[in-house]
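Numbered according to the working numbering, the sequence shown spans residues 50 to 989.
The structure appears below as structure tokens.
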Amino acid sequence: MKPWREVAVPHQDVLEGTFQQSEFAADITAVKSGKASREYQDAVAFYERTFITEGMAMLLTQVAQRLAGKGGEPVIQLQTAFGGGKTHTMLAVYHLATRKCALAELSGIPALVDRAGLMDVPQARVAVIDGTDRGPSQPRMYGGQAVKTLWGELAWQLGGAEGFAHVAEADATGTSPGKEVLRALLEQFSPCVVLIDELVAYVRQFPESQAISGGSYDSNLSFVQALTEAVKLVPRAIVLASLPESEVEAGSQRGVAALRALEKTFGRVQALWKPVATEEAFEIVRRRLFEPVRDEKAREEICRAFADAYIAEGAKLPAETQERRYFDRLQQAYPIHPEVFDRLYEDWTTIDGFQRTRGVLKLMAKVIFRLWKDDNRDLLIMPGSLPLYDGGARNELTYYLPAGWDPVIERDIDGDRAETTMLENREPRFGQVGAARRIARTIFLGSAPSSVVSNVAARGIDRARIILGCLQPGQASSVFADALGRLADRLHYLNASGDKGQDSTRFWFDTRANLRREMEDRKRRFDDRTEVRGKIAEALKKTVGNAASFDGVHIFTPHSDVPDDTALRLVVLPPESWYTRDEPRLSFDAVLDMIAKNGAKPRYRANRLIFLAADHGALARLNDAARTALAWGSIVDDVKESRLNIDLLQKNQAEKELKSAEEVLPRAARECYRWLMCPMQDAPTDPKPAIEVFAINTAGSSVGSEIERVCTDNELVISTWSPIHLRAKLRELYWNGGTRSANAAAFFEDTLRYLYMPRLRGRDVLTQAIRSGSASRDFFATAYGEQEGKYEGFSFGGGDVVFDDTLLLIDPDAAKAYEEASRPTEPATPVDPATPSVASAPPAGPPPSSEPGTPTATPQPASAKPKVFYGTAEIPPATAKMHLVNLADEIIALLASDPNANVRLTVEISAEFPDGASDSIKRAVSENANSLRLKSADWE
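Okay, structure coming up:
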């Protein structure tokens, strides 16, 4: 599709930048005296560039009917906002009445005459009374005649000396002529038109209660009243008078009083006027600034593409864009987007001094000139197209705004050093469509007037209207939505009414820096080593503190404060010990220092530490997030303590921003601390520990579970251990050089100390491996001590093991040999042939009787059942735990199995200390004896 510049060509004066505001400002006195430019002076040229609005058409119809004697209003008051087209409308009446050409040559007039039911409009005399043309004390000379008053001016312009004769006496005395005198004057020179412009500017100059050559304040008000009454009596005479709409335009208090008095006078007759509608402004501007569009097909194609794109976006854009008539508005306004006119006519015209028609024309002329010169290729001139970087275009807008807008535009909105430009340079997807600058320009156009007008219902514009001011066919609205979100976080003068992600949130610029600038200033105050590091530590506690697989998590803790014990610990390195694959030195040095030292002492249990380090690339974002949270927190605190005075909206904004910053910080911490480090050695002979580095997934589940997964998958921490791995490690390091057994407790201690040993989750992991392995004869045998080559409590395949400090793990081959050697052998017994063997010997008994008839001895009755059992045992202190367990299982449990048995146990302990017991042993034994409720526990 063709850009606007190839379809709609501006007038030559616009292209060359030679236009002047005076060209837009219609001067009725200049036209009356023949001094105006051709486009205003010539009736045909004037109507060629004039779009007859609905209000102007109604007024011209009334004038035509009145001059033709077919009715019409005798007095018409034109009261609209400054720049609303009053003077331009008077010029249209002037040229209609004084034309020197055929009526058909005036563009648009024949159709009006037909609708009015007239055949023709008679030419008429016209009197122009311009309140700014001369002062009340400055008589005008016509030949030798001095004309002092407005009524004298009216009479001279209508009838020359003959007309002036009607009011000569009143002009000389400065008193108002009566209604009858004025009626006679109008009747004699009808059809006639009286055009009164800037009347307030003239009347307000009269001093209080004092007459001057132009009369007095009261006499001029009386004249106006008499004129409005007289013209009603003359069927072919009409008066058009313009009054300012606002008190600002009226000027001083005297001007306001004059305005109120004149409003009462003209209020007696109907005021027939309708302001220029926005759609009518389309044609006014197009005719004045552009040549006629010759490629109608291209215009229709472009407008259709916009309409279709808006329908496709649906609810993302304002509701009116979904209506069929929006296509018509696009065509009427082409090559300017309707949203530009909506914002200018709905928002900017509410500013006192911004002219409804002239102001828009002058602004758009400068905008078009700059865009044409810069070879702008947009399909339409949109709010996002406004070249605010250009001083001329910018000044046309900032002229009507309070001081202070230039730095806002230069820093936040448009220009080489603006934040929007820098964002587009960093983000190609924004830069390709100029998204950031177009967003900012649109917000400025729609929100800047609210800094002047205090009674706006809702300040700023919503997301849908912002997107409307930027989006062109073929572009994605999501790009502009993303740019808006980024700007809301970055710009110093951009404000939002709520959550920036909500569609209903409204955005606006202001000359007061928002709290973001205050926040940015405060961000620089915080110290990296104390406040920033502390804030990051708080965030890491929330993210890493839930690592349940570790007995302790130490965040930025010096090595002297990390305990050297059996607990498995995660150490989070400080930010300055960051890591990258290209530069690991800082983090590696910190890890090696930590595993080597525990304050002034060496660290013994180095294999209990795993480390987490920051990624250098994400560290800047983490620092910024921490500073942002600190800054917003300090602002909220200062507001609560009344150290910072802000309005309620800003207070709510600060609280929301603080909440958002506190939510962002843990995410930034998680994304930054993504390197898990594990010191290790492949063999005891390695000269220096190595460090393995693993990346953790920052987008998955919780950090604690992700660290646990990495540790488990890479066997950095072993939670379940097979006895086969235990046997392999024993054979590798312990069962060699003639040593066939290893102390289990010493093995566990070695796993805590040496980096080439497996890192077990805890002692229970080794306990489970020993129990599992001891139940089989494949892995190892167990014993609870060794003396003179004999194992105490030797067990091979028994499976019932107590892991204490005396437990030995024995090589299975050595265990088999020991078991074989320990099996008892039965001694051989010689057999005498004359003596029967034990197996063939008869049962023992009394010898048979040698005498027959002698009775056999009676058998002895069976012995009585035992009723009491006593047992004592000497238990070696070194294996007391094992022996007591065996006594409980093998003897006491059997005795207690009889429900009728009354089993009583007494444990007697005696200990002798040749050199005396130490205080610590005495104290500990006494406390334990008391806790265990020993019946007696005495020291001698």
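Note that beta-carbon positions come from the ideal geometry of N, C-alpha and C, so glycine has one too.
Q. So what's L338 in DSSP terms, helix, strand or just coil?
A. In the structure shown, L338 sits in a helix (DSSP, three-state: H, G or I).
Q.
Taking the alpha carbon of H386 as the reference point, which residue from E372, F355, L412 has its own alpha carbon closest?
A. The candidate whose alpha carbon is nearest that of H386 is F355.
(Q) Suppose only complete runs of 4+ residues qualify. What are the alpha helix (DSSP H) ranges in the stretch 408-466, listed by chain order? (A) As far as the stretch 408-466 is concerned, its whole alpha helix (DSSP H) runs of at least 4 residues are 440-447, 454-457.
**Q.** Burial state of N672, where buried means 16 or more other Cβ atoms lie within 10 Å
**A.** Flag for N672 reads buried.
Q: Note down the Cα distance separating E781 from D731, rounded to an integer number of angstroms.
A: So the alpha carbons of these two residues sit roughly 12 Å apart.
Q: Enumerate, from N- to C-terminal direction, the unbroken beta strand (DSSP E) stretches of 3 or more residues contained entirely within the stretch 572-622.
A: Correct list: 601-604, 618-621.
Q: Measure the C-alpha to C-alpha separation of A960 and A986 and round it to an integer number of angstroms.
A: CA-to-CA, the gap between A960 and A986 works out to about 11 Å.
Q: Please state whether DSSP places I31 in a helix, a strand or coil.
A: Any property of residue 31 remains undetermined from this structure, which presents the chain solely from 50 to 989.
Q: Assign N39 to one of two classes, buried (16 or more other C-beta atoms within 10 Å of its C-beta) or exposed (fewer than that).
A: Nothing about residue 39 can be reported from this structure: the residues present for the chain run from 50 to 989 only.
Q. So does the stretch 570-578 actually touch the stretch 517-533, counting three or more Cβ pairs closer than 8 Å?
A. The stretch 570-578 is not in contact with the stretch 517-533.
Q | Three-state secondary structure (DSSP) of T921 | A | Of the three classes helix, strand and coil, the one that applies to T921 here is coil, per DSSP.
**Q.** Three-state secondary structure (DSSP) of R826
**A.** Of the three classes helix, strand and coil, the one that applies to R826 here is coil, per DSSP.
Q: For my contact list, L429 and P498 are in at a C-beta cut-off of 8 Å; report their separation, rounded to the angstrom.
A: 22 Å between Cβ atoms; not a contact.
Q) By DSSP, does C241 sit in helix, in strand, or in coil? A) The answer is strand: DSSP assigns C241 an E or B state.
Q. Which residues in the same chain have their Cβ closer than 6 Å to the Cβ of T447, if we skip the five residues on either side of it in sequence?
A. The residues W454, in chain order, have a CB closer than 6 Å to that of T447 in the same chain once the five nearest residues on each side in sequence are set aside.
Q. Would you report the Cα separation of L943 and L815, rounded to the nearest angstrom?
A. Going by C-alpha positions, L943 is about 32 Å away from L815.
Q) Exposed or buried, which one is K737 when buried takes at least 16 other CB atoms within 10 Å? A) The residue is exposed, with fewer than 16 neighbouring Cβ atoms inside 10 Å.
Q | Cβ separation of F829 and L779, assumed to be a contact under 8 Å, to the nearest whole Å | A | About 7 Å separates the Cβ atoms of F829 and L779, confirming a contact at the 8 Å cut-off.
Q. In chain order, what residues of the same chain lie with their CB nearer than 8 Å to the CB of S683, ignoring the 5 residues before and after it?
A. Closer than 8 Å at Cβ, skipping near neighbours: R571.
(Q) The beta strand (DSSP E) that contains C727, what's its start and end? (A) Run containing C727: 722-729, per the beta strand (DSSP E) assignment.
Q) Where are the alpha helix (DSSP H) runs, 4 residues long or more, that stay fully inside the stretch 775-849, in chain order? A) Entirely contained in the stretch 775-849, the alpha helix (DSSP H) runs reaching 4 residues are, in chain order, 793-802, 812-823.
Q.
Buried or exposed for D613, going by 16 or more other Cβ atoms inside 10 Å?
A. Per the 10 Å Cβ criterion, buried.
Q. Do the stretch 103-116 and the stretch 144-155 touch if we need at least three Cβ pairs shorter than 8 Å?
A. Enough Cβ pairs lie closer than 8 Å, so yes.
Q) By how many angstroms is the C-alpha of K584 removed from the C-alpha of L856? A) Within the model, the alpha-carbon separation for L856 versus K584 is close to 49 Å.
Q: Within 10 angstroms of the Cβ of K708, are there 16 or more other Cβ atoms? Answer buried if so, exposed if not.
A: A residue is called buried when at least 16 other Cβ atoms come within 10 angstroms of its Cβ; K708 does not meet this threshold and is exposed.
Q: Please work out which residues of its chain come closer than 6 Å, Cβ to Cβ, to A893, disregarding the five sequence neighbours upstream and downstream, and give them in chain order.
A: Note that A893 scores 41 on pLDDT, short of 50, meaning its location in the model is unreliable; the coordinates nonetheless yield the value given after this. In its chain, beyond the 5 residues on either side, no residue has a beta carbon closer than 6 Å to the beta carbon of A893.
Q: Kindly indicate which three-state DSSP category Q187 falls into: helix, strand or coil?
A: Coil.
Q | For G264, three-class secondary structure by DSSP | A | Strand.
(Q) Just to confirm my understanding: we take D799, look at its own chain, exclude 5 residues before and 5 after, and list those with CB closer than 6 Å. What are they? (A) Around D799: M806.
(Q) Do E372 and G518 have their beta-carbon atoms positioned less than 7 Å apart in this structure? (A) The criterion of a C-beta distance shorter than 7 Å is not satisfied by G518 and E372.
(Q) If I follow the unbroken alpha helix (DSSP H) through D642, where does it start and stop? (A) Segment 634-645, the alpha helix (DSSP H) holding D642.
Q | Runs of beta strand (DSSP E) wholly within the stretch 103-190 (minimum 3 residues, chain order) | A | Within the stretch 103-190, the complete beta strand (DSSP E) runs of at least 3 residues fall at 124-129, 174-179.
(Q) If I measure Cβ to Cβ from V380 and keep anything under 6 Å in the same chain, skipping five residues before and after, which residues do I get? (A) Contrary to the premise, residue 380 reads as Gln rather than Val in this sequence. Hits under 6 Å: C352.
Q | D423 Cβ short of 6 Å to the ligand FMN heavy atom set | A | The ligand FMN is absent from the structure shown, which contains no ligands of any kind.
Q: Give every residue of the same chain whose Cβ lies closer than 6 Å to the Cβ of P226, excluding the five residues on either side of it in the sequence, and list them in chain order.
A: Taking P226 as the centre and dropping the five residues before and after it, the same chain places the C-beta of W200, V216, A219 closer than 6 Å to its C-beta, in chain order.
Q. Do you know how far the Cα of L270 is from the Cα of E122?
A. Going from the Cα of E122 to the Cα of L270 covers about 21 Å.
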